[in-house]
Amino acid sequence: MPFREGSTGFDTSQLSTIRKVRIRYSLAVKILVLLLGLATVTSLCTAGLAFVQMRAIGEHAREGTTTLGKFAVKNSSSALIAAAEEDLQSRVLGLAERCDGVFRRIEIEARQLASVASRVWSNPAYNVPRPAHLSDQPPANIRDRSSYVLAPGVQLSAVQNEFNLSAELDNLFMATCANEPVLLAAHIATAGGMLRTFPWRTGWAADFDPRVRDWYTLPVETRNVAWTGPYVSKSTNRLLITCSMPVIAVDDSIIGVIKMDVTPQTINDSIINIRVGQGGYAFLLDAEGTVVASPRIEDLEKMTVPAATVVKTKLDQALRAPATDKSVNLRLSTDPDLRRIAERMLKKERGLVRCNLDIHKDGSEDYIAYAPVSATGWSVGLIMPISEILSPAEATARELSGAANTSSAHIDAQITYSLWLMAMLLVVLLLMASWAAMALSRRITRPIQVLSDGASNLGAGKLDQQIVLKTGDEIEQLANDFNAMTTNLQTYIEHLGQATVARELVAKELQIAQKIQSSLLPRIFPPFPDRKEMELFASMDPAREVGGDFFDFFFIDQDRLCLAIGDVSDKGVPASLFMAVTKTLIKTEATQPDRSVADVLARVNVQLCEENEMLMFVTVFCVFINLKTGEMEYANAGHNPPMIRRADGDAQYLKVNKGVALAVMDMARYKVQKEVLKPGDLLYIYTDGVNEAMNMQREQFSYDRLKRCIDEFGGESTTTICTEMRQAVQIFAGEAPQSDDITMIAMRYHGPA
Numbered sequence: 009m010p011f012r013e014g015s016t017g018f019d020t021s022q023l024s025t026i027r028k029v030r031i032r033y034s035l036a037v038k039i040l041v042l043l044l045g046l047a048t049v050t051s052l053c054t055a056g057l058a059f060v061q062m063r064a065i066g067e068h069a070r071e072g073t074t075t076l077g078k079f080a081v082k083n084s085s086s087a088l089i090a091a092a093e094e095d096l097q098s099r100v101l102g103l104a105e106r107c108d109g110v111f112r113r114i115e116i117e118a119r120q121l122a123s124v125a126s127r128v129w130s131n132p133a134y135n136v137p138r139p140a141h142l143s144d145q146p147p148a149n150i151r152d153r154s155s156y157v158l159a160p161g162v163q164l165s166a167v168q169n170e171f172n173l174s175a176e177l178d179n180l181f182m183a184t185c186a187n188e189p190v191l192l193a194a195h196i197a198t199a200g201g202m203l204r205t206f207p208w209r210t211g212w213a214a215d216f217d218p219r220v221r222d223w224y225t226l227p228v229e230t231r232n233v234a235w236t237g238p239y240v241s242k243s244t245n246r247l248l249i250t251c252s253m254p255v256i257a258v259d260d261s262i263i264g265v266i267k268m269d270v271t272p273q274t275i276n277d278s279i280i281n282i283r284v285g286q287g288g289y290a291f292l293l294d295a296e297g298t299v300v301a302s303p304r305i306e307d308l309e310k311m312t313v314p315a316a317t318v319v320k321t322k323l324d325q326a327l328r329a330p331a332t333d334k335s336v337n338l339r340l341s342t343d344p345d346l347r348r349i350a351e352r353m354l355k356k357e358r359g360l361v362r363c364n365l366d367i368h369k370d371g372s373e374d375y376i377a378y379a380p381v382s383a384t385g386w387s388v389g390l391i392m393p394i395s396e397i398l399s400p401a402e403a404t405a406r407e408l409s410g411a412a413n414t415s416s417a418h419i420d421a422q423i424t425y426s427l428w429l430m431a432m433l434l435v436v437l438l439l440m441a442s443w444a445a446m447a448l449s450r451r452i453t454r455p456i457q458v459l460s461d462g463a464s465n466l467g468a469g470k471l472d473q474q475i476v477l478k479t480g481d482e483i484e485q486l487a488n489d490f491n492a493m494t495t496n497l498q499t500y501i502e503h504l505g506q507a508t509v510a511r512e513l514v515a516k517e518l519q520i521a522q523k524i525q526s527s528l529l530p531r532i533f534p535p536f537p538d539r540k541e542m543e544l545f546a547s548m549d550p551a552r553e554v555g556g557d558f559f560d561f562f563f564i565d566q567d568r569l570c571l572a573i574g575d576v577s578d579k580g581v582p583a584s585l586f587m588a589v590t591k592t593l594i595k596t597e598a599t600q601p602d603r604s605v606a607d608v609l610a611r612v613n614v615q616l617c618e619e620n621e622m623l624m625f626v627t628v629f630c631v632f633i634n635l636k637t638g639e640m641e642y643a644n645a646g647h648n649p650p651m652i653r654r655a656d657g658d659a660q661y662l663k664v665n666k667g668v669a670l671a672v673m674d675m676a677r678y679k680v681q682k683e684v685l686k687p688g689d690l691l692y693i694y695t696d697g698v699n700e701a702m703n704m705q706r707e708q709f710s711y712d713r714l715k716r717c718i719d720e721f722g723g724e725s726t727t728t729i730c731t732e733m734r735q736a737v738q739i740f741a742g743e744a745p746q747s748d749d750i751t752m753i754a755m756r757y758h759g760p761a
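Quick note, the sequence shown lines up with residues 9 to 761 if you use our numbering.
Spelled out as C-alpha cells, the structure:
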C-alpha cells in the first residue's frame, strides 16, 4: 500500500484482501456451553487485577500525597520569597523616602534660620544689649534660654555685636526644636569665635573653638548646606550628626554657621526603628560607610574588624555614653558579602541581595534591601532572615507530612480488609468452577497463545512472520486480520523511514544555515572594550531558522564608528544570503577612504541591482559617528526612523529622509543628514520586527509603545535596554507567533575618552 506523506493513515482502497472463512462454531456458543468455567477464569482475573489495582491505588495515594505536599511547600516557599522580596524593596524605598523627608525638613529649617540670621545682621535695629547666660550659669529651665561660649582668646567685648544679634534667634531656635522632635539642639557659630546654643548647655572644653570644627569649615568652603557625622561632641561626649548652613551677609561675607544636631539614638527611635518581621532590622549608612543608626548595631559590629570601632573606643575613654552610641564601618566588615553591599550603597545604588552573613552560626541566609537617601547622600538598608520568611512553609510541610502518614495507614487497613473478603469469595468460586476450567482451558488458550506469541514477535520487529490458525471461529478471522496488518505495517514503516530521513536532512541543512548566519553577525560583547567613548550592544532574533535582518558595527578609522542595520524583504535562506551579500558590501564600501555614508549606500545599491533575478530588496539605515565630537552623519534607505534618548531623559525619533530601499532602482540617490550626540545620549536603531510585532488581536506594537519603553528603561545599560525591549515585545505578542525578525542596536555615547 503506497504511503502519502502528510496523510493521517493508509489508503484503505489499497488494503490487502483478507480471506474470509466460514465460522462453524462461534465463540459465543463456546462461552455459553462452558459459562461456569469462564466465570471462574473471570473471577480469578478480576481478583488478581483488583489486588494489583488496590496496591497501585494505595501507592499512588501515598506518592500523590507526598508529591502534593512537596509541591505545596515548594510553591508556598516561592510565593513567600517573591512576596518578601517585593515587600522588602517597597519597605526600604519607603524608609529611604522617610529618612529623606526628615533630613530635608532639617535642611529647610537650617536654610530658613540662616536666611533670618542674615537679615538680622543686616538690620541695626536688632543690635541691642541682651541678657547673657554663660555655659556655667544655668537658668531655671534650660529649654527657656540659650547659652554661649567663646573660643580661646576671644573677649565678649570683641564680639558684642554678634552676641546681641544672635540673641534675636533664641525664639526661632526654641520653636524649631519644639516643632522638629528629632533635633537635639540648634546653634549659631559666628566668624568672631562665639557659639550660641539652644537649649542651654554646659560641659564645653576650655580649648573649644567652633571655627575649626568640620561642621563649620565644610559649609563655609562649599557655601551650601552640609551634613557631618557621626562624631563625638565636645560638650556631651555623645555621637552627633549635624546639619549646618553658612550665614552669608549681603556683601557676600561669612557671618557664621547655623548648626542643628541630631543623635543616632533619635534617628533610631524616630525613623530607623521599624519592625521587619521578628528578626529583621534597618540601618542607616553615611557616605563613608559608617553605620549612622541601627537598633541592632551589635549584630553589624560582630562582622567588622577592630579598626571599625575607633569612635567607640573614644567614647569609652570619655564620660559614660549611651550603649547605642557605637560606630561601625561596613567597608571594614569581615563578611565579603556585606563589604560588597556597602560599596553598592556608597555608590547610591538601590537593590536587593540574598547573602549568607557570618552572624548566623547555622549558615542561614538573609535578604538585604537598600536604597539611597538623596538629601544627605547616605543610604538605608533592611536586613531580613530568610528562615523567618520560610517558617510558615516549613510548618505547613510538617502538617502535610503528618496528614500523609495518617492517610497511608488508613489506606493500608482498608486494602487488608478488602483482600480478606475477596480471598474467601474466590475460594468458593474456584471450588465450583475448577472442573470446567480444566476441560476448556486448552482448547481456548492454545490459539490465543499463538496470537500472543505472534504479537510479541511483532513487537520484537519480526514483520515477516505469518500466523496460521484453523479454528473456524473469530480467532481464525483475527489471525488473518493480524497477518494483513503486519504486511501493511511493513509498507508503512518503509515509507515513514524515507520521509523521516528527508525531513532530518532538511532540518540539518537549516541548522547549518542558522549557524553560518549567526557567525556572520558580531557576537562578542562588549565589542570594543578598550574604547571608553561609548557602550554598545546588539541582537537579532530570526522569525524562522534563518532570517533576513542584519546588523554590523566597525571602525572606519581611529575616531569614526559605523553602525548599520538592515531588513531584507523576504524570509528564510534566500533572504539570509541576500543579507550576507548586503552586509559585506556595506563594510567594504564604508572602509574605503573619502566615502560619505550616502556614497556607501549608493554604491551598494548599484551592486545589488545587478542580476537581482529574485527581485528582492533591503531597507538599510547607516550612520558614521565621530567619537571625539559626537557628530553623526547618516543616510536612510527606506528604513524605520531610529530614536535618540538624550541624557536628560528626552526621547525623540530621529528625523530621516525616507529614501528608496536598496536593490530597487540602480539610479537611486541618498542624502547625508547630521545630528550631534552629547555625553549620556542613547542611539537606538531597530527593524520593523519591533514596532510591527502583532498580538493575538492583530494589534501592532507601534511606534508609541516603542517610545514609552525607551522612556521607561532607556537610562539602563545597552544590554539591559535590548533585553527589556525584547521582553516587552514578547509580553505584548503573547501567544501570537513571531511574524518577522527582531533586530536592534543600542549605543550610549560617553564622550571623548
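Using N, Cα and C, we set each Cβ at its ideal position, and we do this for glycine too. In this text, all values refer to a predicted model and were calculated from it rather than measured experimentally.
Alpha-carbon to alpha-carbon, residue j and residue i
i      : j      : result
THR332 : LEU390 : Residue placement at THR332 is flagged as unreliable, the pLDDT there being 40, under the threshold of 50; the coordinate-derived value follows with that caveat. Near 18 Å, if we compare the C-alpha coordinates of LEU390 and THR332.
MET752 : ALA761 : 26 Å
TYR134 : GLU176 : 7 Å
THR230 : ILE196 : 17 Å
ARG106 : GLU188 : 14 Å
ILE89  : ASP345 : 20 Å
THR763 : THR479 : It is not possible to answer for residue 763, since the shown part of the chain is limited to 9 through 761.
THR384 : PHE536 : 37 Å
THR317 : LEU121 : For THR317, the pLDDT reaches just 43, beneath the cut-off of 50, and the residue's location in the model is therefore unreliable, leaving the point undetermined.
GLN600 : GLN566 : 14 Å
PRO649 : GLY697 : 13 Å
SER409 : GLN738 : 41 Å
ALA87  : ALA744 : 29 Å
THR75  : LYS82  : 10 Å
GLN422 : ILE65  : 12 Å
LEU433 : THR50  : 13 Å
SER725 : ARG713 : 20 Å
LEU327 : PHE206 : Low local confidence applies: a pLDDT of 28 at LEU327 is under 50, so the model's placement there is unreliable, and no value is given.
Cβ-Cβ distance between residue i and residue j below 9 Å
i      : j      : result
GLY657 : GLY722 : yes
ARG219 : ALA159 : yes
ALA572 : PHE629 : yes
THR695 : ASP560 : no
GLU5   : GLY264 : Residue 5 lies beyond the stretch modelled for the chain, which goes from 9 to 761, so this question has no answer here.
MET548 : ASP749 : yes
LEU623 : MET587 : no
SER426 : MET62  : yes
TRP235 : ASP294 : yes
ALA669 : SER747 : no
ASP108 : LEU191 : no
LEU226 : SER261 : no
Own chain partners of residue i with C-beta closer than 7 Å, once the 5 adjacent residues on each side are dropped
i      : result
LYS679 : ALA606, ALA643 and ASN665
GLY297 : ASN337, LEU338, ARG339, ALA350 and LEU354
TRP208 : HIS141, PRO146, PRO147, ILE150, ARG153, SER154 and SER155
LEU203 : TYR156, VAL157, HIS195, ALA197 and PRO218
GLY742 : ASN703 and MET704
LYS322 : Because the pLDDT at LYS322 is just 34, under 50, the model does not fix this residue reliably, and the point stays unresolved.
ALA58  : MET430
Residues near residue i in its chain [Cβ-Cβ closer than 6 Å; skip 5 each side]
i      : result
ALA301 : PRO272, ILE275, ASN276, ILE280 and LEU292
ILE633 : LEU569 and MET640
GLY462 : ILE475
ARG304 : TYR289
Sequence-distant residues of its chain with Cβ nearer than 8 Å to residue i (five each side left out)
i      : result
ILE456 : ILE483
CYS717 : GLU732, MET733 and ALA736
Residue(s) in a DSSP beta bridge with residue i
i      : result
HIS195 : THR205 and LYS267
CYS363 : ASP374
PRO254 : VAL265
CYS570 : PHE562 and PHE632
Segments assigned beta strand (DSSP E), at least 3 residues, entirely inside the region 259 to 306: 262 to 270, 289 to 293 and 299 to 301
Contained beta strand (DSSP E) runs [length at least 3] in the region 199 to 243, N- to C-terminal order: 202 to 206 and 234 to 240
Those runs of the beta strand (DSSP E) which lie wholly inside the region 608 to 634 and span at least 3 residues: 626 to 634
Complete runs of the beta strand (DSSP E) confined to the region 646 to 711 [at least 3 residues]: 651 to 653, 659 to 661, 681 to 684 and 690 to 694
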